[in-house]
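Student: Below you'll find the structure I mean.
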Amino acid sequence: MAPHAGTTTFPSKTQSAIQGSMPSVLDTGSEIALLQENLNLLSTVYRDLQNLCTWFYAQTPVETFSEHIDTCGLIEEDVQSIQDSLNRRRKLGEEEWNVRSAGWHEKYSQRLYSLRRWGLPLFRLWGQKLMLGGRRTLVRLLAVRPTVERRKLKPSHITLVLEKLQHHHLKLSDLSKKFAASLERLRLRHIHYLLTQAHEAARQKTEARREDQATFERHWYEDKAIRADLRREFFQAYRTTRQPSAQ
7 MAPHAGTTTF PSKTQSAIQG SMPSVLDTGS EIALLQENLN LLSTVYRDLQ
57 NLCTWFYAQT PVETFSEHID TCGLIEEDVQ SIQDSLNRRR KLGEEEWNVR
107 SAGWHEKYSQ RLYSLRRWGL PLFRLWGQKL MLGGRRTLVR LLAVRPTVER
157 RKLKPSHITL VLEKLQHHHL KLSDLSKKFA ASLERLRLRH IHYLLTQAHE
207 AARQKTEARR EDQATFERHW YEDKAIRADL RREFFQAYRT TRQPSAQ
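Residues in the sequence shown are numbered from 7 upward in steps of one, following the working numbering.
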């Protein structure tokens with residue numbers, strides 16, 4: 007996914023609103039809405055990671071931020087993996103989606119919530135008021151990049167940013183693996199469902215053939231009996247008509 011220039015649009019929902027009371031299992035409408043919200047948020051995070059890497063590359067010496075750049079690359083891979091999983095979910099047919107179990111759906115719902123909660127803190131890598139007073143989100147940092155680039159980060163700040171990035175990588179990597187694994191389990195569950203349906207259809211066809219065979223044999227014997235009765239009646243009548251009449 008290519009980065010875009012310009013100011014990043016930050017999601018309107020606040021952290022406190024997100025952490026309010028939420029159902030443990032999403033209904034279809036809510037699940038689709040949250041899925042799309044997460045996809046939009048992931049796109050925003052990806053673009054901001056690209057911009058953050060650009061900012062790291064611009065620092066002197068750049069070697070100071072080599073781990074930061076590498077970690078951003080790992081997070082980008084995590085983001086793309088989660089995007090692939092969510093887009094895969096969005097393309098699922100109704101039949102495949104409906105084979106999910108209640109336990110599977112509850113865990114999936116919790117991961118969607120968890121992803122959204124963790125999407126927002128990624129914008130807060132520069133918490134602790136590292137610079138620029140109250141400007142605490144990455145979005146605001148990028149909006150004032152010329153000012154930031156004129157300031158030199160303290161070693162403690164550089165270390166803190168790396169720790170934050172590594173922490174987000176661990177969490178998003180875990181989520182990406184769980185999303186991929188859960189959708190793979192759903193695929194296998196659907197294959198098992200199709201196999202069960204195919205076995206049932208084959209059983210019904212076999213039973214139908216047996217019933218057809220039994221019906222055919224019954225009709226054949228019935229017709230044979232009718233033909234035998236007709237032959238007896240015919241020959242009996244024939245012999246009667248061939249007897250010489252009394253003189």
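C-beta atoms are modelled at their ideal positions from N, C-alpha and C, and glycine is treated no differently.
#1: With DSSP collapsed to three states, give me the class of V105.
#2: Counting C-beta neighbours from all protein chains within 10 Å, is the total for D33 16 or more, i.e. buried, or is it exposed?
#3: Among the residues of its own chain, which have a CB less than 6 Å from the CB of V105, if the five just before and after it don't count?
#4: Would you please state the rounded distance, in angstroms, between the beta carbons of F185 and R123? I believe it to be under 8 Å.
#5: Determine the direct distance from the alpha carbon of Q203 to that of T50, and round the result to whole angstroms.
#6: For R244, count neighbouring C-beta atoms within 10 Å of its own C-beta (all shown protein chains included) and say buried if the count is 16 or more, exposed if not.
#7: Just verifying my parser: in three-state terms, what is the DSSP assignment at A208?
#8: How many Å lie between A187 and D180 at the Cα?
#9: Whose C-beta lies closer than 7 Å to the C-beta of H74 among residues of the same chain, with five residues either side of it excluded?
#10: Alpha carbon to alpha carbon, what distance is there between L58 and H163?
#11: Under 6 Å Cβ to Cβ from L138, same chain only, skipping five residues before and after it: list those, please.
#12: For the alpha helix (DSSP H) containing Q89, list its first residue and its last residue.
#13: Could you tell me the distance, in whole angstroms, from the CA atom of P67 to the CA atom of V85?
#14: Pull up the distance between the alpha-carbon of T247 and that of H225, whole angstroms please.
#15: How would you write the range of the alpha helix (DSSP H) that G99 sits in, first residue to last?
#16: What distance in whole Å lies between the Cβ atoms of I88 and L48, which are believed to be in contact at a cut-off of 8 Å?
#17: What span of residues does the alpha helix (DSSP H) with A64 cover, start to end?
#18: Check L159 in the structure and name its three-state DSSP category.
Tutor: Quick look at the numbers:
#1: By one-based count along the sequence shown, residue 105 stands at place 99. Three-state result, V105: coil.
#2: By 1-based counting over the sequence shown, the position of residue 33 is 27. With fewer than 16 Cβ atoms within 10 Å of its Cβ, D33 is classed as exposed.
#3: As a working mapping, residue 105 is identified with position 99 in the sequence shown. Within the same chain, V105 has close Cβ partners R195, H196 and Y199.
#4: Taking the sequence shown and counting its residues from 1, one reaches residue 185 at position 179. Taking the sequence shown and counting its residues from 1, one reaches residue 123 at position 117. No, F185 and R123 are not in contact; Cβ-Cβ is about 15 Å, not under 8 Å.
#5: Your numbering for residue 50 matches position 44 in the sequence shown. Your numbering for residue 203 matches position 197 in the sequence shown. C-alpha separation (whole angstroms): 42 Å.
#6: Here residue 244 is taken as the residue at index 238 of the sequence shown, counted from 1. Reading off the sequence, residue 244 comes out as Tyr, not Arg. Its Cβ having fewer than 16 others within 10 Å, Y244 is exposed.
#7: Numbered from its first residue, the sequence shown carries residue 208 at position 202. A208 falls in the helix class under three-state DSSP.
#8: Reading the sequence shown from its first residue, position 181 is the one you call residue 187. Reading the sequence shown from its first residue, position 174 is the one you call residue 180. Distance from the CA atom of A187 to the CA atom of D180, rounded to whole angstroms, is 11 Å.
#9: Along the sequence shown, one-based indexing puts residue 74 at 68. Excluding sequence neighbours, H74 sits near F62, V167, L168 and L171.
#10: In the sequence shown, counting from the first residue as 1, residue 163 sits at position 157. In the sequence shown, counting from the first residue as 1, residue 58 sits at position 52. Within the model, the alpha-carbon separation for H163 versus L58 is close to 15 Å.
#11: For the purposes of this step, residue 138 is taken as the residue at position 132 of the sequence shown. At L138, the pLDDT of 36 sits below 50, so the modelled position is not reliable and the matter cannot be decided from this model.
#12: Within the sequence shown, the letter at position 83 stands for residue 89. Here the alpha helix (DSSP H) through Q89 covers S72 to R96.
#13: Within the sequence shown, numbered from 1, the residue matching residue 67 stands at position 61. Within the sequence shown, numbered from 1, the residue matching residue 85 stands at position 79. Going from the Cα of P67 to the Cα of V85 covers about 28 Å.
#14: Counting from 1 along the sequence shown, the entry for residue 247 is found at position 241. Counting from 1 along the sequence shown, the entry for residue 225 is found at position 219. Spanning the two alpha carbons is a distance of roughly 33 Å.
#15: Indexing the sequence shown from 1 puts residue 99 at position 93. Counting along the chain, G99 falls outside any alpha helix (DSSP H), and DSSP gives it neither H nor E.
#16: In the sequence shown, residue 48 corresponds to position 42, counting from 1. In the sequence shown, residue 88 corresponds to position 82, counting from 1. With a Cβ gap of about 6 Å, L48 and I88 count as contacting.
#17: Your numbering for residue 64 matches position 58 in the sequence shown. No alpha helix (DSSP H) contains A64, which DSSP labels as neither H nor E.
#18: Position 153 of the sequence shown, counted from the first residue, corresponds to residue 159. Reduced to three states, the DSSP call for L159 is coil.
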